[in-house]
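Residue numbers (the working numbering): 14 to 407.
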Ligand SMILES: Cc1ncc(COP(=O)(O)O)c(C=O)c1O
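The structure is reproduced here in structure tokens:
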């Protein structure tokens, strides 16, 4: 019973694809919870030390528990190789910093996860690297921002928190023509709903803390790309120390095994909630790529096979109404993170008030009464009933 990576179905590949890497007789592969590995001789140890991304040398360099989840994620995204990291930010930092040097230029979207924006806006300039932020919905803005020293285009689609899309084929076509690498944060979509490497993107990163883990109980990140890119990111990761704990790698592997069924249900629940909110008189705007009212719905249909469990919406009445509404909700928990079994809600204007001034928030479209919702796996009837009663209080 060998393992076979060529099964058609994603769920089959997730469950059986990396089973060949379980080097034990246990049905559920154990955790290699160890700092160091022992070689047969000092000479053999030196040889392992000199190799790239060894899985049995020292856990900061690699670990068999990492190797299993890395191979599974590379397979899911359709990349040659993957590297797991201690958080999504670790993955973003390695994907960006392993490619740029002083004097280089980056083009990035302005609607972006706040941590990625902080890296590009507040930190990389210290090393002499400039970033131009553009409207992701306008491909021509990417083109206009490119300079002779542009090395990287950094993308996120759908974006956090406004669920805007980037035309991935159009942007990667113009990047490839100029030999510029493209990196995308695919956290909101997951490989179940969107496979960017097939659309020409060079590098996919995830906060695996979110849908890939799926249970709000681990912190992890992953970079998926060509073997040579992963090797460069790995070399930097060893020095930056962005290592994932073997226990969290094991939990991540456990989470990924149900990714397909979870994401399908997240998609269904989010669509039901989005449709309900869209017709509610107290809701002024719903941002969900699955709705026909989303300005980029046709693009979503072209580049996504499902529309995610994430949405954002704005209610009438400003910050005060927003606070009243959220205090009445019973099912959604008010906290950060997303992509797990429980429904989570946050008000970005309140949560990121230290990152963006009111003017910057207005300019990017983050209103005072905008909510970001990570629709969980509860029964959709209960979710809708809860939103209905909370909106009555507004
Ligand atoms: C879209 C997106 N990317 C990256 C991150 C960062 O991930 P982590 O918290 O695992 O570092 C987050 C975290 O919320 C996110 O929402």
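Even for Gly, the Cβ is constructed at its ideal location relative to N, Cα and C.
Everything numeric in this text was worked out from a predicted model, so none of it was measured.
Cα-Cα separation between residue i and residue j, rounded to whole angstroms
i           : j           : result
residue 79  : residue 405 : 48 Å
residue 186 : residue 166 : 12 Å
residue 24  : residue 81  : 16 Å
residue 210 : residue 236 : 12 Å
residue 411 : residue 122 : With the chain covering only 14 through 407, there is no way to say anything about residue 411.
residue 217 : residue 196 : 6 Å
residue 224 : residue 116 : 36 Å
residue 32  : residue 234 : 21 Å
residue 15  : residue 52  : Any reading at residue 15 must be qualified, since the residue scores a pLDDT of 42, below 50, and its modelled position is unreliable; the value itself is stated next. Taking the straight line joining both Cα atoms gives about 27 Å.
residue 20  : residue 26  : 6 Å
residue 362 : residue 129 : 17 Å
residue 58  : residue 71  : 11 Å
residue 319 : residue 206 : 5 Å
residue 356 : residue 316 : 26 Å
residue 127 : residue 171 : 14 Å
residue 287 : residue 299 : 7 Å
residue 314 : residue 180 : 11 Å
residue 231 : residue 222 : 6 Å
residue 173 : residue 54  : 50 Å
residue 190 : residue 311 : 25 Å
residue 142 : residue 164 : 10 Å
residue 302 : residue 308 : 8 Å
residue 260 : residue 269 : 14 Å
residue 45  : residue 276 : 28 Å
residue 244 : residue 251 : 11 Å
residue 373 : residue 50  : 50 Å
residue 215 : residue 120 : 15 Å
Start-to-end residues for the beta strand (DSSP E) that takes in residue i
i           : result
residue 195 : 194–198
residue 327 : 323–328
residue 164 : 163–169
residue 94  : 94–98
Residue j beta carbon less than 9 Å from that of residue i
i           : j           : result
residue 144 : residue 137 : yes
residue 282 : residue 391 : yes
residue 291 : residue 306 : yes
residue 253 : residue 106 : yes
residue 387 : residue 342 : no
residue 203 : residue 272 : yes
residue 385 : residue 325 : yes
residue 149 : residue 176 : no
residue 258 : residue 104 : no
residue 208 : residue 90  : yes
residue 109 : residue 132 : yes
residue 284 : residue 85  : no
residue 159 : residue 113 : no
Residue i, enclosing alpha helix (DSSP H) - first and last residue
i           : result
residue 316 : 310–316
residue 79  : 77–90
residue 62  : 55–62
residue 353 : Here residue 353 belongs to no alpha helix (DSSP H), and DSSP marks it neither H nor E.
residue 31  : That residue, residue 31, is in no alpha helix (DSSP H); it is neither H nor E in DSSP.
residue 339 : 331–341
residue 105 : 101–110
residue 187 : 181–190
Presumed contact (8 Å Cβ cut-off) between residue i and residue j, rounded CB distance
i           : j           : result
residue 93  : residue 248 : Not confirmed; about 16 Å, so no contact.
residue 377 : residue 201 : That pair is no contact at about 16 Å.
residue 381 : residue 331 : 5 Å
Self-check item: Unbroken stretches of the alpha helix (DSSP H), 4 residues or longer, contained in the segment 242–301
Solution: 259–269 and 272–292
Practice problem: For the segment 352–403, list the beta strand (DSSP E) runs that are entirely contained and at least 3 residues long, ordered along the chain. | Solution: 357–359 and 383–387
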